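Chemist: So the protein sequences, as listed, match chains A and B. According to UniProt numbering, the first sequence is numbered sequentially starting from 1. According to UniProt numbering, the second sequence is numbered sequentially starting from 1.
Protein chains: 2
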Amino acid sequence: MTSPVRLLLADDEHLIRGALAALLGLEDDLVVVAEAATGPEALAMARAHRPDVAVLDLQMPGADGVRVATSLRAELPGCQVLIVTGHGRPGHLKRALAAGVRGFVPKTVSAQRLAEIIRTVHAGNRYIDPELAADAISAGDSPLTAREAEVLELAADGAPVAEIAERAALSPGTVRNYLSSAVTKLGAENRHAAVRLARERGWV
Amino acid sequence: MTSPVRLLLADDEHLIRGALAALLGLEDDLVVVAEAATGPEALAMARAHRPDVAVLDLQMPGADGVRVATSLRAELPGCQVLIVTGHGRPGHLKRALAAGVRGFVPKTVSAQRLAEIIRTVHAGNRYIDPELAADAISAGDSPLTAREAEVLELAADGAPVAEIAERAALSPGTVRNYLSSAVTKLGAENRHAAVRLARERGWV
DNA sequence: GGCCGCCCCTGACATTTGTCATGGCGAGTG
DNA sequence: CACTCGCCATGACAAATGTCAGGGGCGGCC
């Protein structure tokens with residue numbers, strides 16, 4: 001038999017991470033060599049233990065799964081990355097794939113299934129959850145231009161136009177124009193509803 | 001030895017639920033008799049299997065953990081409820097306690113620890129995560145009146161004042177006044193920031 | 001080179017907001 | 001009973017926001 005697949009597990013929820021480590025450890029061709037609770041910690045552990053597959057939660061303190069994946073691809077090209085997420089939004093999937101992630105699954109899969117997917121990813125293949133993939137396709141690409149998205153993001157926390165303008169180094173009038181066109185493109189009632197929509201679709 | 005503690009596990013994330021079931025099942029004084037992925041399902045399973053302790057995720061499709069807990073207290077008074085949550089917000093803890101929940105812990109605890117807490121709760125005692133308790137105390141009570149909270153909630157999705165007024169059966173002027181006083185009380189810049197703050201503190 | 005889309009700005013306008021002053025009504029409290 | 005507080009409303013004014021009509025510059029593409 002070939003040597004077991006060495007895993008890195010990163011999730012800020014200890015309950016899940018521990019449980020997962022226990023269950024995956026039961027599979028005799030998988031072995032968990034490191035665990036982490038934050039993005040930076042995951043990177044450090046990866047450097048130290050050089051796992052074959054990194055199973056990363058999408059939302060972690062410090063740096064999210066995609067950011068970690070990006071660094072990982074650069075530093076440990078031999079390490080495949082699998083992202084696990086609670087509530088997957090279409091945009092994340094797109095970002096993840098762009099970052100070189102090989103697998104993307106929701107936490108609604110069973111541990112048994114996850115083990116299979118880990119093997120798939122380790123073999124060099126990709127695995128994207130069909131439902132998430134369908135969502136991503138139906139949501140389509142963002143109709144927003146770079147500036148529109150940027151301004152919309154700055155508007156996310158309810159900041160007034162003047163502040164957005166300052167932070168984006170734009171004139172207030174321009175900001176209102178971008179906001180207006182973004183709102184129109186998204187078919188929203190106002191900028192705040194637009195922010196919500198864009199978030200839901202992962203466009204910000 | 002006394003008979004084992006019968007558990008109901010409810011969480012929409014199959015990965016976690018399954019892993020948890022496996023780990024808790026290893027404890028020889030605990031036995032998982034039912035699992036559910038949604039609020040209504042959890043209720044149905046509880047009715048069918050009459051567990052001693054129900055371990056509920058706070059956020060589930062259908063009905064959240066607190067709502068399920070409320071129904072459970074009414075229908076199965078002998079069943080203790082323990083709520084597990086990913087990102088605990090102060091207000092939820094307060095609502096949960098009001099609903100008769102006996103335990104409230106974040107998902108950052110270990111499975112070992114969770115098992116102990118289940119025993120504590122089953123023995124009729126309460127267990128509240130110290131950190132969440134501290135947050136709840138420091139956040140304090142909502143300074144908002146019932147109407148202010150209601151109007152603020154209706155304003156959550158970025159609806160214009162006119163729509164809020166109609167939905168709340170109030171005059172637009174009144175709505176603006178409530179919004180204004182809520183914003184002032186929360187020390188926010190505008191209604192949208194106020195909504196965010198109130199959400200963070202669990203006041204809406 | 002002309003066309004088009006994105007970028008950035010200006011100015012003007014209507015609408016929507018936030019804020020303030022003010023008043024009446026009912027419930028609970030000293 | 002007077003007082004306070006929450007509730008609901010009106011009206012008025014200032015500020016922020018949404019919308020429209022422009023115009024100039026830049027880069028890619030037929």
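Ideal Cβ positions, reconstructed from N, Cα and C, are used throughout, including at glycine. Being a predicted model, the structure only gives us computed values, none of them experimental.
(1) Is it true that the CB of residue 14 of chain A sits closer than 8 Å to the CB of residue 110 of chain B?
(2) Could you name the residues of the same chain whose beta carbon sits closer than 8 Å to that of residue 162 of chain B, not counting the 5 residues immediately before and after it, in chain order?
(3) Closer than 8 Å, CB to CB, is residue 65 of chain A near chain B or not?
(4) Relative to the alpha-carbon of residue 92 of chain A, which residue among A/141, A/159, A/10 and A/49 has its alpha-carbon at the smallest distance?
(5) With three or more beta-carbon pairs closer than 8 Å as the criterion, would you say the region 61 to 78 of chain B touches the region 2 to 11 of chain A?
(6) Find the residues of chain A that neighbour residue 13 of chain B, judging by a C-beta separation of less than 7 Å, and give them in chain order.
(7) Between B/150, B/75, B/169 and B/58, which lies nearest to residue 45 of chain B when the distance is taken from Cα to Cα?
(8) Between residue 194 of chain A and the rest of its own chain, which residues show a CB-CB distance below 6 Å, the 5 nearest in sequence each way excluded?
(9) Residue 196 of chain A touches chain B at which residues, Cβ-Cβ below 7 Å?
(10) At 8 Å on the CB atoms, spell out the chain A contacts of residue 92 of chain B, in chain order.
(11) Provide the residue(s) that pair with residue 85 of chain A in DSSP beta bridges, ordered along the chain.
(12) Using 8 Å as the threshold, is the region 52 to 65 of chain B in touch with the region 77 to 84 of chain B, meaning 3 or more CB pairs across them?
(13) Quick one, which of A/61, A/166, A/144 and A/143 has its alpha-carbon nearest residue 42 of chain A's?
(14) Residue 148 of chain A: buried (16+ other C-beta within 10 angstroms of its C-beta) or exposed?
(15) Exposed or buried, which one is residue 25 of chain B when buried takes at least 16 other CB atoms within 10 Å?
(16) Between residue 200 of chain B and residue 9 of chain B, what straight-line distance do the alpha-carbon atoms span, to the nearest angstrom?
(17) If we call anything under 8 Å between Cβ atoms a contact, is residue 95 of chain B one with residue 66 of chain B?
(18) Leaving out five residues on either side along the sequence, give the residues of the same chain with a beta carbon under 8 Å from the beta carbon of residue 151 of chain A.
(19) Please list the partners that residue 25 of chain A has in chain B, where partner means a Cβ-to-Cβ separation under 8 Å.
(20) Near residue 190 of chain B, what residues of its chain come up, given a Cβ to Cβ distance below 8 Å and the 5 sequence neighbours on each side ignored?
(21) What separation, rounded to the nearest whole angstrom, lies between the Cα atoms of residue 31 of chain B and residue 119 of chain B?
(22) With H, G and I counted as helix, E and B as strand and the rest as coil, what does DSSP make of residue 80 of chain B?
(23) Residues of chain A with CB closer than 8 Å to the CB of residue 122 of chain B, please, in chain order.
(24) Helix or strand or just coil, what does DSSP make of residue 189 of chain A?
(25) Starting from the beta carbon of residue 189 of chain A, find every residue of chain B whose beta carbon is closer than 8 Å, and list them in chain order.
(26) Have a look at B/117, B/11 and B/36 and flag the residue whose alpha-carbon is nearest the alpha-carbon of residue 29 of chain B.
(27) Any idea what DSSP makes of residue 55 of chain A, helix, strand or coil?
(28) Under the rule that 16 or more other beta-carbon atoms within 10 Å means buried, what is residue 145 of chain B, buried or exposed?
(29) Does residue 49 of chain A come within less than 8 Å of chain B when only Cβ atoms are used?
(30) For residue 111 of chain B, which residues in chain A fall below 7 Å Cβ to Cβ?
(31) Against residue 114 of chain A, what residues of chain B qualify as contacts under a CB-to-CB distance less than 9 Å, listed in chain order?
(32) What in chain A is Cβ-close to residue 22 of chain B, meaning under 9 Å?
(33) Based on the DSSP output, what are the partners of residue 31 of chain B in its beta bridges?
(34) Which chain A residues sit within Cβ distance under 7 Å of residue 165 of chain B?
(35) Return the Cβ separation of residue 97 of chain B and residue 19 of chain A in integer angstroms, given the expectation that the two are a contact with Cβ distance under 8 Å.
(36) In chain B, which residues lie with their C-beta within 7 Å of the C-beta of residue 193 of chain A?
Modeler: The answer reads as follows:
(1) yes
(2) Within the same chain, residue 162 of chain B has close Cβ partners 172.
(3) no
(4) Of the candidates A/141, A/159, A/10 and A/49, the residue whose Cα lies closest to the Cα of residue 92 of chain A is A/141.
(5) Contact between the region 61 to 78 of chain B and the region 2 to 11 of chain A is absent, because fewer than three Cβ pairs lie under 8 Å.
(6) 86, 107 and 108
(7) B/75
(8) 182, 183, 186 and 188
(9) 157 and 158
(10) Simply none; closest approach about 16 Å.
(11) A/106, per the DSSP bridge assignment.
(12) yes
(13) Of the residues A/61, A/166, A/144 and A/143, the one whose Cα lies closest to the Cα of residue 42 of chain A is A/61.
(14) So residue 148 of chain A ends up on the buried side.
(15) exposed
(16) 27 Å
(17) yes
(18) Cβ neighbours of residue 151 of chain A within its own chain (closer than 8 Å, five residues either side excluded): 164, 168, 170, 175, 178, 179 and 182.
(19) By Cβ distance, chain B contributes nothing, its closest Cβ being about 11 Å from residue 25 of chain A, past 8 Å.
(20) 183
(21) Taking C-alpha positions only, residue 31 of chain B is separated from residue 119 of chain B by approximately 12 Å.
(22) Residue state for residue 80 of chain B is assigned as strand, using DSSP reduced to three classes.
(23) The premise fails here: residue 122 of chain B is roughly 18 Å from chain A at the closest Cβ pair, so nothing lies under 8 Å.
(24) coil
(25) Per Cβ cutoff of 8 Å: 158, 159 and 160.
(26) B/117
(27) strand
(28) Counting the other CB atoms within 10 Å of its CB gives residue 145 of chain B a total below 16, which places it among the exposed residues.
(29) no
(30) 15, 18 and 19
(31) 15
(32) 19, 22, 23, 26 and 111
(33) According to DSSP, which records beta bridges pairwise, residue 31 of chain B is partnered with B/6.
(34) Residues of chain A passing the Cβ test: none, with the nearest at roughly 15 Å.
(35) The pair is not a contact, with the Cβ atoms about 27 Å apart (cut-off 8 Å).
(36) 157 and 158
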